Amino acid sequence: MIYRFRIILDTEEDIFRDIEIEQTATCEDLHNSITQSFGFDGTEMASFYISDDEWRQGEEIALFDMGEGQTPLRTMIETPLEEVLSEDQTRLIYVYDFLNLWTFFVELGEIAEVEDGKSYPNLMYVHGQIPAQAPEADFSGDEDDFDEDDPFAEDDDDYDIEDYDGLDFDENWN
């Protein structure tokens, strides 16, 4: 089977590529197809993130596992596309070059039969030219996304951090 993707650059202008690739290909194969189709040299770090229908970032699939933690990251070369994508799970976020944060929305649009005589991966369609610099990322979020239960939300209490007497603790406890 063949996966047909639309890869959209996160920018105000419509810039996207349509790519088809075997479902047995790895995430690294898709990474290489994306970098080539957008004209990158492929030398920068990159990651895919499994995404939900609201494009919220989930589990990371990294180009390389450079972590020193106890739980290793999934890597692109070891992760077949068919392991992370299906008719029910169709979205990935792809970030290329962590210094510039080129961010792409990757959506599985169709699962099709292999066509005889066609080689894969195949760049099917190109729309828009990639800008010279990565679009500026907006990390501000929407006001509607504010969560009252967020432990990092601004406190509206009246504590004065400089008022040690009013904090009800013994600063010489040890």
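Using the UniProt record's numbering, the first residue of the sequence shown is number 1, and each one after it goes up by one.
Beta carbons: idealized from backbone N, C-alpha and C, even for Gly.
A quick note: this is a predicted structure, and the numbers were derived from the prediction, not measured.
### Task
Have a look at Phe38, Thr43, Glu87, Tyr94 and flag the residue whose alpha-carbon is nearest the alpha-carbon of Gln129.
As a position in the sequence shown, residue 129 is number 129, starting the count at 1. For Gln129, the nearest C-alpha among the options comes from Phe38.
### Message
I need the DSSP call for Asn122, collapsed to helix, strand or coil.
### Response
Numbered from 1 along the sequence shown, position 122 holds the residue referred to as residue 122. Correct three-state label for Asn122: strand.
#### Entry: Enclosing beta strand (DSSP E) for Thr43 [first to last residue]
In the sequence shown, residue 43 corresponds to position 43, counting from 1. Per DSSP, Thr43 belongs to no beta strand (DSSP E) and is neither H nor E.
### Ile61 to Val114 span [Cα, whole Å]
Here residue 61 refers to the residue found at position 61 when the sequence shown is read from its first residue. Here residue 114 refers to the residue found at position 114 when the sequence shown is read from its first residue. Straight-line spacing of the CA atoms in Ile61 and Val114 works out to 26 Å.
### Query
Can you tell me whether Arg17 is buried or exposed, with buried defined as 16 or more other CB within 10 angstroms of its CB?
By one-based count along the sequence shown, residue 17 stands at place 17. Buried, since its Cβ has 16 or more Cβ neighbours within 10 Å.
### Simplified DSSP state of Ile61, which is helix, strand or coil
Taking the sequence shown and counting its residues from 1, one reaches residue 61 at position 61. In the structure shown, Ile61 falls within a strand segment according to DSSP collapsed to helix, strand and coil.
### Task
State the CB to CB distance for the pair Thr107 and Phe5, rounded to an integer number of angstroms; the pair is presumed to be in contact (CB under 8 Å).
To locate residue 107, count along the sequence shown from 1; it is residue 107. To locate residue 5, count along the sequence shown from 1; it is residue 5. A small fix is needed here, since residue 107 is Glu in this sequence, not Thr. The C-beta separation of Glu107 from Phe5 comes to about 7 Å, placing the pair in contact by the 8 Å criterion.
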